[in-house]
Each structure stands twice: as C-alpha cells, then as structure tokens.
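Below: one structure, written as structure tokens.
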Amino acid sequence: MSVDSTPRRYHVPEKPTVDGLEALWTRRWDEEATYRFNPSATRESVYSIDTPPPTVSGELHIGHVFSYTQGDVVARFWRMRGRDVFYPMGWDDNGLPTERRVENFYGVRCDPTLPYDPDFTAPEKPADKKISISRQNFVELCQLLTAVDEVAFKNLWRHLGISVDWDLEYTTISPLARAVSQRGFLENLARDEVYSSVAPTLWDVDFRTAVSQAELEDRERPGTYHRVAFERSDAQGFVEIETTRPEMLASCVALVAHPDDERYRDLVGSSVLTPLFRVEVPIVAHELADPDKGSGIAMICTFGDTTDVTWWRELQLPTRALIGRDGRFLPADFSSAEFPSTEPDEANDQYESIEGATVSQARAAVVDALRAADALIGEPRDITHQVKFYEKGERPLEIVTSRQWFVKTLEHRDELLARGDELRWHPGYMKHRYRSWVEGLNLDWNISRQRFFGVPFPVWYPIDEKGEVDFDRPLLAELDRLPVDPSSDVPTGYVESQRGAPKGFLGDPDVMDTWATSSLSPQIAGQWGSDLYDHVFPMDVRLQAHEIIRTWLFSTVVRSHLQSRSLPFSNVLISGWVLDPNRKKLSKSSGNASTPMPLLEQYGADALRYWAASGRPGTDTAVDEAQMKIGRRLAIKVLNASKFVLGRLDQTTSLGPNDVTTPLDRDVLALLGALVGEATSSFENYDYARALERTEAFFWTFCDNYVELVKARAYGEGDDATVTSARATLNLALSVLQRLLAPFLPFVTEEVWHWWHDDSVHLASWPSLDELGPLSVNPGSIYQPVCDVLEALRREKSTAKLSQRAGVARLVVSGPEEFASAIRAGGADLIAAGNVHELVAVDATELLIDVTLDES
RNA sequence: GGGCGCUUAGCUCAGUUGGUUAGAGCGCAGCCUUCACACGGCUGAGGUCGAGGGUUCGAGUCCCCCAGCGCCCA
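All letters in the first sequence, in the order written, are residues 488 to 1343 by our numbering.
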C-alpha cells in the first residue's frame, strides 16, 4: 500500500501573495484579542514592557518604525515563550511641542489667570489676534488636537504589526497620568525628596520658563572678549579682566583667580571698584578660575553662567541679580545696600541706559560707556566659544533667580550610580552614557516649568492677613482628590473667593517638567495603586533610544529609586538612530526618506520589520530600501516554501520525530536543533538581530538544498519509510521555521500558519529541542557533505551551460571515510536531485568529486 | 579636554571566549524559463580585515600608539 493512497491535502492558495496581509491579520488579531494581557497572570509569568510614549505633536517618521519594531520583536519572542506579555502604548501629548501647535492651530494663548469657560469652543480657523483662554480651556484644546494625531499613530503601529494591547493605551495628560504624577510628587515631598527654593535657575527668555540641566546643549557661538580695567580700592593701580559679557558688569560681585596663580596671589583678599558703577568687590581665589583664559582673572557676576553660580554658592558671595524673566535688565538702585556704590548718583546715571534693555542692547551700551570712561583696554577681540542653550531654544540661556521645585539628585549620586550598574544594558556599553551623566550632575533636578499644558503641582500656598504668600507651608492636595488643578480647584477648607486674597490662598502657577511625568511611565502604564501594578512592576524591559538616557532613563531610575528603592526595570534595550540614505542624521529636511507609510505600502510591513530587526541594539542604521526588498523576498519565500511542503502533507496523518528515520533527515533535524538553541539564547540576550540572521540563513539553505534533495521523496517516490521520513522532516522543519520567523515577519507567518493550524502562530509555543527527538552530537556530518556534492554537480552543469535537470552519467566521490559514508547515506537523494545515473563513493585521502555529464 | 562606539569585498553589515584557505546579502558577470517560488533558481569573480608597533606556535579577534568618522559629557 502506498502512503499516498488516501491523501487529504491542506488547503493552500494557488497563487499566495504577501499583499493585503496587514489588513486581514490586523483585523483578526483585534477580533481574537490575540495580544490582550491576562490580568490574572502572576508576576513570575509576566513579561512587562515599558515603552516610550512618542510625542504626538506631529510627524511620524521611519525612526519610530525602526525602534518600535525592535521592541516588538522582543515582545513577540517572550509571548511565544509562554510569558504573559504586558505591552502597553502611551502617547506623550504633554508639553511644549503640543502647546505651540495648539497656539498656532487655533489662534489662542493661555492665560492662567483667567477662569475656566465651560462654554468655550475653539474658532474654526485662527483669528488675526490670539484669543486668551484659561488653562483648563487650553488643556482641553491640547487634548482635542492630540487625539487626532494619536489615531494616526495607532494606525501606523497596527499596520506595522506592533503587538501592543490597545486596551492598555494611555496618554501622559490623562487624568490617570496626572494623578500618578501628582501622587509621586506628594510622596516625594512627604519623604523630603523634593524641595522648593528661590534659586538661580537656567532660564529661557523666549519660552519664559526654567529648564533643567538635562535639557541643555552647548552650541558654538561667536563671542567677543573685552578687556576691562578695575581700579584697586587702595588706588594702587588697576586689575584687568577679560569678559565676553560686559553687560553683566553691574551684577559683578567679585573677581576670581586661581589660588596657584602667582600673578594674582598677592591681590587675593584685597578689593577693587567696578568701573562705571563704583561698587567695591573682593578679589577671591577658586580652582575653577582658568589661568589660561583671558588675563587669568575673571569677574563673577550673579549670574552670567553656571560657573558663576558655583562660585557664588561656594564662596558665599552676595546676589546682585539684574536679568528678569523677560530677559531684560531690572531696575537697580546704587544707593542701596544691595548695590553699594561709592558714587551712587553717577552709577544710577550710568544704569539708566541699561535698565529695561535686552542683553544685546545692554552690552552695546556698557561697551560704549566703558570706552568713554577709558576702562576698556584695547579693542575687543572676536572668539568662538561654547554657549549654553535650551535644546529647543533660540537664544542663549540666562540665569534667573526664581522659585522652583527641585528633586534631590546630587545627594543620591552614589546610589544612582549603583542602580546603573545593577541595570542590564543592551548593548552593554550604553551604560557609560548613564554613568558619565550622573557623575557630571551639578544641579538638582528642576521640575518646575512656567508653562501651561502639563501636570500642575498639586499645592497651594496660604496668604497671610498682610497679603504675603507663605511658600514654606504649602497646602497639599489630598491623595483621593487627585488629579487637581490648583488654578481652578480650591484647597480643602477654603472657598474660591479667597483665591489671591489676604488670609486666602494662591495656587502654584507652574506645571511639571515633562520628564517628571514620563519618569513615572511604569507607574502610569501599570496603573499604580491598582492590583495590576504589583503584577507588572518592576518592569522586565525598557525600550528607548540613546539620546534620552540622560533624561528619560535617568529620571525614571531616580523616581523608582526614591519611590520603591528598586530599579524601574531590569533590562534596557537601546535602539540606534535611523540615518538617511547618505548616512546623515534624519532631520525634517530629509523629506520623504523619513515618511514610513509609502515604504510600508510599497514593501509591506514584514519587509520594513525585516530591515528594522536587522539593526543591532544601539546601532545606527541607514534607511535602506535594498534591505526592505530582501525582507519582502524572504516573506514571499516563506509563502512558497510553505505552499510546497504543505502540498506534500496529508492532514489526516500525524507525523512526529519518530517518523524521521533516514540519516540525512535526522542530521537536518540536528542542525535545526542547533539553530533553535542559538536563536533562543540570542533572544534571551536581546540579540534579536542575530536570531534573525541565523534563522534566515538556515531557512535559505533549507529551501535551496534540503528541499531540493528530498523533493522526489516528498512526492512519494521510494519506499514508505523514506517517504514518510522526508515528509515528517519537512513537517517539523516548516513548523519550527515558521515559528522562529514569527517575531520578525508576523503577517506572513500568521498567514502560512493558518494554512494548517487554527490558532495564532503568535500564541504558539516557541520551538524547543524536545520537539525534534534525539539529536546527533555531530550535526551536519551527513547533510554538509551531501550539500557539497550537490553544489559540485550544479557547478559542473552551470559551467557546461546546461540546465540543472541535465543528466549525470557517472558521479564518483572519493574522500575521507566520513565523507564517503555520508555520500553513501544520502546517495539516493543525490541521485534523484542531481539526475545521476551512477553514483560511486570511494574512500580516499584526498577529496575529489568527479562528474561525468551525459553526452548531449 | 574626558568618555564611548565605529573603521572588514563596489555597497550594507556578520565575525561570541585568539586556531584550519576571512563570511552573508545587495550590486556585478554568466547560466537556467526545473512540476513551491521569474515578486524566481543556480554558478562565479571580488577583501588580508584604517596605519604602525607588540604579545603568541598562531590575531580581524588581546595590548600599545596614531589617524579618520560619529555620538555622549565637560
């Protein structure tokens, strides 16, 4: 009886295609809730993912496809490993980019002093003059606009096959996120981990907000050194300093030289008079003074740069702050104790031309006045130097004294460094970025922003009977009231009419830094306070790019360390950047190269995923359509190979590893086992790209060599046992390969899996060695020699310019015993695949493959 | 100035603890329209691993130094 007596084939499409699979399977995954998190899962079985909430203030670009795919591939692996994957998605709709879009889109401006207008509706199109609206109205518009973008983002993710559970979607401005942020803040406050203080603060005069150290960047800018003479108080001559900021002269509180600098050692302890304003200031010593810069002695002003702040703090100098929040010079009285001039009238006259001026106007005025007073030595000298900017700003930062909330980071530096060592970094070298950042911290983390669309601080301040605000005894919101907006909500025990009045209260006007909210992403996504939280926190992995190690990663570690005395996640998987085809960093000007949708439509989601998953963790990768074409070709190959194999199998016959009996087939299973082992360990180490590379390489040689070798047996030629063995091997290998490729090519693998299974491949179990039966200790010992001979046959035919079907009259393989016996073992398949009439394998010391083609 | 990464075939990249003639894909050239696949298959030609020095029986793979590119931080 033939094994083919009653075949019932699987139903396989006549002409399978990869086009259209995204729409089909995205819908099915929705309907079947394939990626839904199991809320009753135990912590041990959960694999939880802390995903970056992308900013939804605009453009999607190919970089998102790249990094989110890398995370998704990992998620899919763990899901197949049987873990209950907690994979939420958030949208960062909070913050400055959204504010600016809303202002322009609707033609509005936020005025936090206005009351909420519940009947307000946004104009159809922006009016010529911006309409002022309350914070709550403004926030509502922000939510309206971001909701549109969120839908577009979600569609992209779904098209790309990102396997998040959409039931777990969140936004950073949602009531939950605001409540979590406010609770986090209040708990920090209760533990004395945050404090408010009036302090010198990095300040952007255009955005009119404080910024934190993490938001700084240095930019090379032209500057000018001015040499300025200060008269010694004892009238024994002059001290010359050099400065790029002569306009700060009125804020000068000291001159400083290096303690080892011989030139100035004798002057330390004496004093000089500032030119123009005639204020007496001491000469002091500090190691940060650079003897090689300028004249080696510098003026300290409050505050020209961050070094001034350090000197001011460490040398306990007085404060003469003159730059206001708008970047203009504030009034000053040189007859006051704060500005003690020896000639107050003259000083006040000089200052008249500066008060109210911008920094650049003041600089010009001061330089003119210095020149007129003969205090400017020589001509100013042009230089270029590094100037600190807010990363989103256009003018150099100023340092303005104002009241801000800070998170204590400096005193936890050592603990935070230890947390960095505890975290498992992928790739490992990214840890250095964290370490150098933490080591370089010189300010506590300022979390106050003088903006509107953000999470407000859940505090008010009492006002005494004289109308003075008491900032030291804030009125705190109760936890069960969160979230609150102190600009419209009222502290317990007060009524709205007391707002701003004596014996009343004042709401904190500021909002939190966006990182103060996103640093709690594990708490937000995990719904801190609910049962869910204990099942997902600390998370298993954080996915993110490297440029936000100093912001998002650092701040998340800080919050978790303070809140839970733990890491927020045990692994971090860092993605690289996408570069344009010319290997430059993608920018808005890169244009269509950065738009993913056309590429998705042209090559398909699996193809783009293939490209993205080929990029190793942390490695920057260029947009490469050639790589996408290869991905598409691989997906098509999966369809066709599956079609061939399933077309040879009988649905009613179950085949297992025990049916694999021929040496060649067993050897192929052994090689497959090695592949499974390597792919699995690669994934466990977050080296998904390696898993892909190995699986892909195996798959191609499997198709090119093994399938070709056993084609005759697969079609039913030969005795029952060898036919069954080939079919069982094809069956097992196809099943394993479809599953190994599933994380990378979720659409095409789901399609072919459903040709012979009812359930999703993405819920199937990750291949294991147990499935393959006993495996030889020497994988490839038979398959490899047989493939070598097969390739030699092809080479002969190719060289003779013949079809690969051309007949071979005689094939003589001589070689070492292991080689010859491998050929004998696989001889029947070689004869069939190579159309060989006579095969002879002989033992010999030298390997020789002699092919005699048929006479034509 | 400090730190990190990169520099391997025309291009894009692998190369895990040092070990036989350095790998893949693309591109290129030639061949084959074979019953899973022309949205295909087969075959082939291309590198001595940025420069120099060192350790070793043996180095792309470890050490030193130099150069270039990129990033992070001062």
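For every residue, glycine included, the Cβ atom is placed at its ideal position computed from N, Cα and C.
What distance in whole Å lies between the Cβ atoms of Met917 and Gly1105, which are believed to be in contact at a cut-off of 8 Å? 6 Å
- Helix or strand or just coil, what does DSSP make of Ile810? Three-state result, Ile810: strand.
From Ser1255 to Pro1144, what does the alpha carbon distance come to, in whole angstroms?
-> 13 Å
inquiry  = Which residue wins for smallest C-alpha separation from Ile950, given the options Asp959, Ile1269, Pro1009?
reply    = Asp959
Measure the Cβ-Cβ separation of Thr711 and Ile870 and say whether it is below 8 Å.
yes
- Task: Decide if Ser828 is buried, meaning its Cβ has at least 16 other Cβ atoms within 10 Å, or exposed.
- Result: Classification for Ser828: buried.
Assuming Ala686 and Phe764 are in contact, meaning their beta carbons sit under 8 Å apart, how far apart are those beta carbons, in whole angstroms? In fact, because the Cβ distance is near 25 Å, the residues do not count as touching under 8 Å.
Practice problem: Tell me whether Ile549 sits in a helix, a strand or coil according to DSSP, three-state version. | Solution: helix
request  = Check the DSSP bridge columns for Glu885 and list the partner residues they point to.
outcome  = According to DSSP, which records beta bridges pairwise, Glu885 is partnered with Trp690.
- Arg1311 by DSSP, collapsed to three states: which one? Arg1311 sits in a helix when the DSSP states are folded into three classes.
- Along the beta strand (DSSP E) that carries Tyr1020, what are the first and last residues, could you check? Premise fails: Tyr1020 lies in the alpha helix (DSSP H), 1018-1023, not in any beta strand (DSSP E).
Can you look up Ala1176 in the DSSP assignment and give me helix, strand or coil?
helix
Assuming contact is defined by CB atoms lying nearer than 8 Å, are Arg566 and Val572 in contact in what I supplied?
Taking 8 Å as the Cβ cut-off, Arg566 and Val572 qualify as a contacting pair.
Checklist entry - Based on the DSSP output, what are the partners of Tyr948 in its beta bridges? => result Leu993
Checklist entry - Taking the alpha-carbon positions, what's the Gly1134 to Tyr497 distance? => result 6 Å
Check your understanding: Roughly how many whole angstroms lie between the Cα atoms of Thr513 and Gly1091?
Key -> 13 Å
- Task: Tell me Pro943's beta-bridge partners as DSSP assigns them.
- Result: Val998
Identify the continuous beta strand (DSSP E) that holds Tyr877 and give its terminal residues. Here the beta strand (DSSP E) through Tyr877 covers 863-877.
Boundaries of the alpha helix (DSSP H) in which Glu637 is found, first to last residue
622-647
* Asked: Would the beta-carbon of Pro584 fall within 8 Å of that of His713?
  -> no
Checklist entry - Which residues in the same chain as Met488 place their Cβ atom closer than 7 Å to its Cβ, once the five residues preceding and following it in sequence are excluded? => result With a pLDDT of 39 at Met488, under the threshold of 50, the predicted position of this residue should be treated as unreliable, though the coordinate-derived value follows. A distance below 7 Å between beta-carbons, with the five flanking residues on each side excluded, links Met488 to no residue of its chain.
- prompt: Taking C-beta to C-beta, are Leu1224 and Phe1186 nearer than 8 Å?
  reply: yes
Assuming Asn1265 is part of the beta strand (DSSP E), what are its boundary residues? In the DSSP assignment, Asn1265 falls outside any beta strand (DSSP E) and carries neither an H nor an E.
**Report entry** Exposed unless 16 or more other CB atoms sit within 10 angstroms - verdict on Gln803
**Finding:** Exposed, because fewer than 16 other Cβ atoms sit within 10 Å of the Cβ of Gln803.
- Query: Taking all protein chains shown into account, do 16 or more other C-beta atoms lie within 10 angstroms of the C-beta of His1324, making it buried, or fewer, making it exposed?
  - Reply: exposed
query: Relative to the C-alpha of Gly980, which residue among Gly987, Val595, Phe992, Tyr877 is closest?
result: Phe992
| Would you call the region 728-744 and the region 776-786 touching, i.e. three or more CB-CB distances under 8 Å? | Touching, yes, given that three or more Cβ pairs across the two stretches are closer than 8 Å.
Nearest candidate by alpha-carbon position, reference Val755, set Thr789, Ser720, Arg732
That would be Ser720, whose Cα lies nearest to the Cα of Val755.
Under 8 Å: do the region 878-888 and the region 787-797 share three or more Cβ pairs, one atom per stretch? yes
message: From the DSSP secondary-structure annotation, give me the bridge partner or partners of Ile784.
response: Ala744
With Asn581 and Thr1001 assumed to form a contact (beta carbons below 8 Å), what rounded beta-carbon distance in angstroms separates them? 6 Å
#### Entry: Nearest to Arg568 (by Cα), restricted to the options Val1163, Gln1114, Ala1003, Leu1156
Val1163
**Q.** Alpha carbon of Ala1099 to alpha carbon of Ser1168, nearest angstrom
**A.** Approximately 20 Å, taken between the alpha carbons.
Original post:
Candidates Val743, Asp779, Pro778: which alpha carbon is nearest Asp795's?
Top reply: Val743
Under the rule that 16 or more other beta-carbon atoms within 10 Å means buried, what is Leu897, buried or exposed?
-> Counting Cβ neighbours within 10 Å, Leu897 comes out exposed, since fewer than 16 surround it.
To the nearest angstrom, how far is it from the Cα of Ala905 to the Cα of Asp679? 21 Å
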